[in-house]
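**Q** Read in order, the letters of the sequence shown correspond to residues 1 to 50 in full-length UniProt numbering.
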Amino acid sequence: MNPLSSPDATRATSVKQGVKRMAGTAAVATALIASLAGFAATAHAEGMSV
């Protein structure tokens, strides 16, 4: 029996891919929030209304 074709190995692989995807999404969201916060701070410093 090939261990690579077992359901457990497939499930573990998909879980790893899901974790990578979530980490990537979190990184993108963090960068987006940081850029928005930076824009808001810059606009506030320049006296613009956001």
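We treat Cβ as the ideally placed atom computed from N, Cα and C, and that holds for glycine.
All figures in this text were calculated on a predicted structure; none of them were measured in a lab.
Identify whether Gly47 lies in helix, strand or coil by the three-state DSSP scheme.
**A** Here residue 47 refers to the residue found at position 47 when the sequence shown is read from its first residue. In the structure shown, Gly47 sits in coil (DSSP, three-state: anything other than H, G, I, E or B).
**Q** Taking the C-alpha atoms as reference points, what is the distance between Gly38 and Lys20?
**A** Stepping through the sequence shown from its first residue, residue 38 is reached at position 38. Stepping through the sequence shown from its first residue, residue 20 is reached at position 20. If you take the alpha carbons of Gly38 and Lys20, they lie about 27 angstroms apart.
**Q** Indicate the three-state DSSP secondary structure (helix, strand or coil) for Ser14 in the structure shown.
**A** On the sequence shown, residue 14 is found 14 positions in, with the first residue counted as 1. Here Ser14 sits in helix by DSSP.
**Q** Using the three-state DSSP reduction, which class does Ser6 fall into: helix, strand or coil?
**A** As a working mapping, residue 6 is identified with position 6 in the sequence shown. Reduced to three states, the DSSP call for Ser6 is coil.
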